[in-house]
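Read through the structure below, which is laid out as C-alpha cells, and then see the notes.
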Amino acid sequence: MSTTTLPSTVKSITFDRAIGKLVLFGDSITQRSYSLDEGRYDLTGPLVDNKRQSFIFGSALTDLFRRRLDVVPRGYSGYCSEHARYMVDDVIAGIGSGIKLVTIFFGSNDASKDPNQCVPIARYSDNIKYVIERFQAVGAKVILVGPAPHDEVHRNQIFKGSDPSLNPRSTLRNLEYSNAAKELAGSLDIPFIDLWHTFLYSVGWEEGKPIPGKLAADRSNANTDSGIKHLLNDGLHFTGQGYELWFRELEKVIKDKFPEFVPENMPFQYPDFGQDLIKLTPQDAEEIFKNHTLPHSRY
C-alpha cells in the first residue's frame with residue numbers, strides 16, 4: 001500500500017466509479033444514427049477533401065457524454081411500437097443495470113399504411129405508454145420523440161414511375177402520430193421532442209402555409225424542390241442535417257428537464273487528469289483507485 005500523503009486540495013475530488021447509460025430505443029432512424037453513410041444524400045454539407053461531411057448523431061452524443069454516460073443504441077429497422085411492446089423487457093435485460101436516461105422514438109412505421117407495419121393510433125399510444133412504464137420501472141428518465149415530416153415530393157422524385165397514390169406514408173399521418181405522442185407525453189408529464197414541427201420551422205414554415213414536402217393533390221409540385229430534402233435523404237430517413245436538428249432538440253430537453261444530466265453537471269468516471277490527477281504522481285494511484293481514499297458519488 002502506498003504511504004503517500006495526498007495534498008489537502010486533492011481531497012475535494014469527486015468522481016464516479018460506476019457509469020450510467022443513455023439508451024436510444026427506436027426504429028431505423030435510431031439504428032442509422034451512427035451510420036457514416038447517412039450523409040451520402042446530404043448535398044449541402046461542407047466539402048472536405050472533395051467529400052461531403054455529415055453530422056453523425058450517435059458519435060456526437062457519445063462524445064457529449066464521454067466518461068459520464070455510456071450511450072447504448074437499440075435501433076431496429078422496420079420496427080413499430082407493437083414490436084417494441086413485446087421486446088422492451090428483453091432489451092432492458094440485455095442492457096443491464098444503470099439505465100439513467102432513454103429516448104423512445106417510434107411512430108414513423110406505425111403511421112405507414114403498409115399492413116406489415118401499420119399500428120392504429122390508439123394502439124400506438126397504448127404501446128408507447130407501456131414501453132415508457134417499463135423503462136420507468138428500472139428508474140430511467142424518459143424522453144419521448146415523435147415522427148418527423150415525410151417528404152412526399154422527394155420520395156416521388158426518387159421512385160420515378162411509381163404511382164404516388166401507392167405511397168403508404170404521408171406527412172399528415174406522421175403529424176397525427178406525432179400529436180398522439182405529444183398528448184401521451186403530456187399526460188405522463190415527460191418531455192416530448194416534436195420533430196415534425198422542428199423540421200418544418202427550420203426552413204421557415206408557418207402554420208397555415210403549404211407544408212414543405214407535401215405532394216399537392218394535382219401533383220403540380222411534383223418536380224419542384226420540396227424544401228426539406230436536405231433533412232430527409234429518401235423522404236423518411238434523416239440526413240446529417242436532420243440528425244443535427246434532433247441532436248440540438250435533445251440537448252435542449254436535457255438542459256431544461258433533466259439538468260442533473262447536463263454533462264457539465266456530472267462528474268467524470270474517475271478523476272479528470274488535467275484538473276485532478278495532474279496534482280498527483282502515478283504512485284498515488286493505489287490510494288485513489290484501490291483504497292478509496294477520495295470521496296466519490298455513484299448514480
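Just so we're aligned, residue 1 is where the sequence shown starts under UniProt numbering, counting upward by one. Glycine is no exception: its CB is placed at the ideal position from the N, C-alpha and C atoms. Small disclaimer: the values here were computed from a predicted structure and weren't measured.
query	result
What does the alpha-carbon distance come out to for the pair phenylalanine 273 and glutamate 82?	46 angstroms
Does the Cβ of serine 220 have 16 or more other Cβ atoms within 10 Å, making it buried, or fewer, making it exposed?	exposed
Beta-carbon within less than 8 angstroms of serine 202's beta-carbon, same chain only, minus the 5 sequence neighbours each way: which residues are those?	Leu231, Leu245
Helix, strand or coil: which one does DSSP assign to glycine 242?	helix
Tell me whether isoleucine 193 is buried or exposed, calling it buried when 16 or more other Cβ atoms sit within 10 Å of its Cβ.	buried
Start and end of the beta strand (DSSP E) containing leucine 172?	Note, leucine 172: premise wrong, no beta strand (DSSP E); alpha helix (DSSP H) at 171-188.
Can you name the residues that DSSP bridges to lysine 141?	Leu101
Is proline 147 closer than 8 angstroms to alanine 111 when the C-beta atoms are compared?	yes
Tell me, please, whether the region 109-129 touches the region 65-72 by the rule of three or more beta-carbon pairs shorter than 8 angstroms.	no
Which whole-angstrom value is the C-beta distance of arginine 68 and proline 263, which I expect to be below 8 angstroms?	5 angstroms
Suppose you measure from the CA of glycine 213 to the CA of isoleucine 95; what does that come to, to the nearest Å?	38 angstroms
Does the count of Cβ pairs from the region 166-182 and the region 132-148 closer than 8 angstroms reach three?	yes
Alpha carbon to alpha carbon, how far is isoleucine 19 from asparagine 156?	46 angstroms
Quick check: what's the CA-CA separation for lysine 229 versus asparagine 223?	13 angstroms
Per DSSP, which one or two residues make a beta bridge with leucine 61?	DSSP lists no partner for leucine 61.
Please report the straight-line C-alpha distance between valine 102 and alanine 84, rounded to a whole angstrom.	14 angstroms
For cysteine 80 and leucine 215, what's the separation of their Cα atoms in angstroms?	25 angstroms
Just confirm the distance between the C-beta atoms of leucine 22 and threonine 30, as a whole number of angstroms; I'd bet it's less than 8 angstroms.	No, leucine 22 and threonine 30 are not in contact; Cβ-Cβ is about 12 angstroms, not under 8 angstroms.
Mind pulling the beta strand (DSSP E) runs of 3 or more residues that sit fully within the region 68-96?	69-75
Look up leucine 36 in the DSSP assignment and say whether it is helix, strand or coil.	helix
Relative to the alpha-carbon of phenylalanine 105, which residue among Asn174, Asp256, Ala60 has its alpha-carbon at the smallest distance?	Asn174
Tell me where the beta strand (DSSP E) around isoleucine 193 begins and ends.	192-194
Under the rule that 16 or more other beta-carbon atoms within 10 Å means buried, what is lysine 252, buried or exposed?	exposed
Please report the distance separating the alpha-carbon of phenylalanine 199 from that of proline 282.	50 angstroms
Among Pro271, Phe159, Ile99, Lys255, whose alpha-carbon lies nearest the alpha-carbon of proline 191?	Lys255
As a quick exercise: from Ser97, Leu64, Ala285, Asp27, pick the residue whose alpha carbon is nearest that of alanine 140.	Ser97
Buried or exposed, going by whether 16 or more other CB atoms sit within 10 Å of the CB of serine 271?	Checking the displayed sequence, the identity of residue 271 turns out to be proline instead of serine. With 16 or more Cβ atoms within 10 Å of its Cβ, proline 271 is classed as buried.
Alpha carbon to alpha carbon, how far is serine 297 from arginine 134?	Residue placement at serine 297 cannot be trusted, given a pLDDT of 37 that sits under 50; what the coordinates show is reported in the next sentence. Whole-angstrom Cα-Cα distance: 26 angstroms.
Can you give me the C-alpha to C-alpha distance between glycine 39 and serine 77, rounded to a whole angstrom?	The pLDDT assigned to glycine 39 is 48, lower than 50, so where the model puts this residue is not dependable; a value taken from the coordinates is nonetheless given after this. Near 18 angstroms, if we compare the C-alpha coordinates of serine 77 and glycine 39.
Taking glutamine 269 as the reference, which of Ala60, Ser28, Phe65, Arg32 has the closest Cα?	Phe65
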